[in-house]
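Undergrad: Those protein sequences? They're chains A and B, same order as listed. Numbering-wise (full-length UniProt numbering), the first sequence opens with residue 1 and increments by one. Numbering-wise (full-length UniProt numbering), the second sequence opens with residue 1 and increments by one. Let me begin by handing over the structure; questions about it come next.
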Amino acid sequence: MFKLSDKILLLCVGEAGDTVQFAEYIQKNIQLYKMRNGYELSPKAAANFTRKNLADYLRSRTPYHVNLLLAGFDETDGPGLYYMDHLSALAKAPFAAHGYGAYLTLSILDRYYRPDLTRDEAVDLLKKCIEELNKRFILNLPSFSVRLIDKEGIHDLEKLMPVGAK
Amino acid sequence: MAMSYDRAITVFSPDGHLFQVDYAQEAVKKGSTAVGVRGKNVVVLGVEKKIVAKLQEDRTVRKICSLDDNVFMAFAGLTADARIIVNRARVECQSHRLTVEDPATVEYITRYISSIKQRYTQSNGRRPFGISSLIVGFDFDGTPHLYQTDPSGTYHAWKANAIGRSAKTVREFLEKNYKEDMESDTDTIKLAIRALLEVVQSGGKNIELAIMKRDESMKMLAQEEIEEYVTAIETEKQKKT
Chain A
1 MFKLSDKILL LCVGEAGDTV QFAEYIQKNI QLYKMRNGYE LSPKAAANFT
51 RKNLADYLRS RTPYHVNLLL AGFDETDGPG LYYMDHLSAL AKAPFAAHGY
101 GAYLTLSILD RYYRPDLTRD EAVDLLKKCI EELNKRFILN LPSFSVRLID
151 KEGIHDLEKL MPVGAK
Chain B
1 MAMSYDRAIT VFSPDGHLFQ VDYAQEAVKK GSTAVGVRGK NVVVLGVEKK
51 IVAKLQEDRT VRKICSLDDN VFMAFAGLTA DARIIVNRAR VECQSHRLTV
101 EDPATVEYIT RYISSIKQRY TQSNGRRPFG ISSLIVGFDF DGTPHLYQTD
151 PSGTYHAWKA NAIGRSAKTV REFLEKNYKE DMESDTDTIK LAIRALLEVV
201 QSGGKNIELA IMKRDESMKM LAQEEIEEYV TAIETEKQKK T
């Protein structure tokens, strides 16, 4: 997870090396915008900027093979989650997932998500997803780090470590 | 055709001067005054605000620019030239962070700016930048720095300095009144304001001030805060006389 600005986080997964290179490049460019203009990019603008960069590299000799989730809090629009894949598709979504885990968690999210979830309910929904992975996914994923963004900024929540089935 | 860029503009004079650089320094002397003071825990930059026309929005004239979270600068001379330098420096600060994973030191960015300025004194078809700049900030190990660059591309570290119109008067004032290891942040800020008040007409209204404390980002002082310092300074002056 990369901190793009005080209220924007970028989760970057995919090809080893590409993830860090691309994410750090975006991170420093977002900071440059802040230095040049005196204020930070909104999450929507940051997401579109990231998408454009990914799209430009896609048709070059050096494409980045990364899947991204960008989460941010905007003063006027509120919280927002943006899903981006390695083909540079961008979609604003209420919930999202990448990888094999997505096959299992998207249905959980689909079933239990409501637009008016409170903070605790949202964290519980995330826990539900992780429990599902713990139960049905072939790989053992012992620990998940969790971060939350609200109007105060980015907060680290405690690690989620699902225990084995009884 | 590209022929017009073949000839160098900055060439030596018979007595060893680079006239274009000297003329650039004249342009700097015409710019509004900027003063910088390096304290123990705070660095301060103050500039003389030019009197704006009645219909002009004065917040668009920004002479103190932040280059990164730990470095900022002020300049004296041609504002348009400064914009180019500031932009390049900002990009270089981020580029340094990207390659080296650490914020650039004040000296590094000063060296970078100076080398750009020097390059323009030795390139075909280009003229030197008409600005001197004061670059202040904290390195990531916490040491404060103040550097001055000039159109020739040289840079020096200073404890306190001034550039622009009446720089000499301000520098003499600073030499008389600078105290080593000023522990108090207020003293450092007051020194910068007092130095500017020597040359600025009509007091606090024409001063713009920015400070940076260790591990904090640059803070531009609001007009009211500057006025508070100015009143405190006036009362001290009254008490002395």
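Backbone N, C-alpha and C define an ideal beta-carbon position, used for all residues, glycine too.
1) Cβ of Phe-138/B within 7 Å of Cβ of Arg-214/B?
2) Which of the three DSSP states, helix, strand or coil, is assigned to Ala-96/A?
3) Using DSSP bridges, identify the partner residues of Pro-144/B.
4) How many angstroms separate the CA atom of Glu-198/B from the CA atom of Ala-160/B?
5) Assuming residue 291/B contacts Val-230/B under a Cβ cut-off of 8 Å, what Cβ separation, rounded to an integer in Å, is found between them?
6) Who are the Cβ neighbours of His-98/A in its own chain at under 6 Å, not counting the five residues just before and after it?
7) Cutting at 6 Å between CB atoms, please list the residues of its own chain near Leu-221/B, excluding the five before and the five after it.
8) Using a Cβ-Cβ distance cut-off of 7 Å, determine whether Arg-59/B contacts chain A.
9) By the DSSP assignment, the beta strand (DSSP E) with Ala-71/A in it spans what residues?
10) Starting from Asn-29/A, trace the beta strand (DSSP E) in both directions and tell me its first and last residue.
11) Near Gly-101/A, which residues of its chain fall below 7 Å by C-beta distance, leaving aside the five closest residues on each side in sequence?
12) Taking Cβ to Cβ, would you say Ala-27/B is nearer than 7 Å to Gly-130/B?
13) Return helix, strand or coil for Ser-107/A, following the three-state DSSP convention.
14) In the DSSP assignment, find the unbroken alpha helix (DSSP H) run with Asn-53/A in it and report its ends.
15) According to DSSP, simplified to helix, strand and coil, what is Asp-156/A?
16) Specify, as a first and last residue, the run of the beta strand (DSSP E) that Val-100/B falls within.
17) What does Leu-32/A reach in chain B if we use C-beta pairs closer than 7 Å?
18) When you compare the stretch 166 to 186 of chain B with the stretch 100 to 109 of chain B, are there three or more beta-carbon pairs, one atom per stretch, that lie closer than 8 Å?
19) Any idea which residues DSSP pairs Arg-38/B with across the strands?
20) From Ala-74/B to Ser-5/A, what distance separates their C-alpha atoms?
21) Please state whether DSSP places Lys-219/B in a helix, a strand or coil.
22) Between Asp-69/B, Val-42/B and Ser-115/B, which has its C-alpha nearest Tyr-39/A's C-alpha?
23) Note down the Cα distance separating Gln-122/B from Ser-184/B, rounded to an integer number of angstroms.
24) Going along chain B in order, which residues have a C-beta closer than 7 Å to the C-beta of Tyr-25/A?
25) Please classify Asp-15/B: does DSSP put it in a helix, a strand, or coil?
26) Here's the rule I'm using: 16 or more other beta-carbon atoms within 10 Å means buried, otherwise exposed. How should Lys-63/B be labelled?
27) Are the beta-carbon atoms of Pro-94/A and Ile-130/A separated by less than 7 Å?
28) Is the stretch 75 to 86 of chain A touching the stretch 108 to 115 of chain A, taking contact as three or more C-beta pairs under 8 Å?
29) Compare the C-beta of Arg-111/A against all C-beta atoms of chain B and say whether one is closer than 7 Å.
30) So, helix, strand or coil for Glu-208/B, using DSSP?
31) State yes or no: is the beta carbon of Lys-7/A nearer than 7 Å to at least one beta carbon in chain B?
32) Count the other CB atoms within 10 Å of the CB of Gly-77/B; is the residue buried (16 or more) or exposed (fewer)?
33) Which residues, in chain order, does the stretch 29 to 54 of chain B contribute to contact with chain C at a C-beta distance below 9 Å?
34) May I have a chain-ordered list of the beta strand (DSSP E) segments no shorter than 3 residues that lie completely inside the stretch 149 to 200 of chain B?
35) State yes or no: is the C-beta of Thr-235/B nearer than 6 Å to some heavy atom of the ligand ATP?
36) Who are the near neighbours of Ile-85/B in its chain, counting only those whose CB is closer than 8 Å to its CB and skipping five residues on each side?
TA: Concretely, from the data shown:
1) Cβ atoms of Phe-138/B and Arg-214/B: closer than 7 Å.
2) coil
3) Phe-138/B
4) 15 Å
5) This structure leaves residue 291/B out entirely; chain B is present only between 1 and 241.
6) Val-13 and Asn-67
7) Leu-209
8) No - not a single Cβ of chain A is within 7 Å of the one on Arg-59/B.
9) 66 to 74
10) Looking at the DSSP string, Asn-29/A is not in any beta strand (DSSP E); the run it does join, the alpha helix (DSSP H), is 18 to 37.
11) Within the same chain, Gly-101/A has close Cβ partners Leu-133 and Phe-137.
12) Taking 7 Å as the cut-off, the Cβ atoms of Ala-27/B and Gly-130/B count as close.
13) helix
14) 43 to 58
15) strand
16) No beta strand (DSSP E) holds Val-100/B; the alpha helix (DSSP H) holding it covers 79 to 100.
17) Arg-90, Val-91 and Gln-94
18) no
19) Val-43/B
20) 25 Å
21) Annotated three-state conformation of Lys-219/B is strand, per DSSP.
22) Asp-69/B
23) 44 Å
24) Leu-98
25) coil
26) buried
27) no
28) no
29) With its beta carbon at least 7 Å from every one in chain B, Arg-111/A lies outside the interface.
30) strand
31) Taking Cβ atoms only, chain B never reaches closer than 7 Å to Lys-7/A, which makes this a no.
32) buried
33) Among the chains of the structure shown, chain C does not appear; the protein chains present are A and B.
34) Entirely contained in the stretch 149 to 200 of chain B, the beta strand (DSSP E) runs reaching 3 residues are, in chain order, 155 to 157 and 160 to 163.
35) Looking for the ligand ATP in the displayed structure turns up nothing, as the structure carries no ligands at all.
36) For Ile-85/B, where only same-chain residues beyond five positions count, the Cβ hits under 8 Å are Phe-75, Ile-113, Ile-116, Lys-117, Phe-129, Ile-131 and Ser-133.
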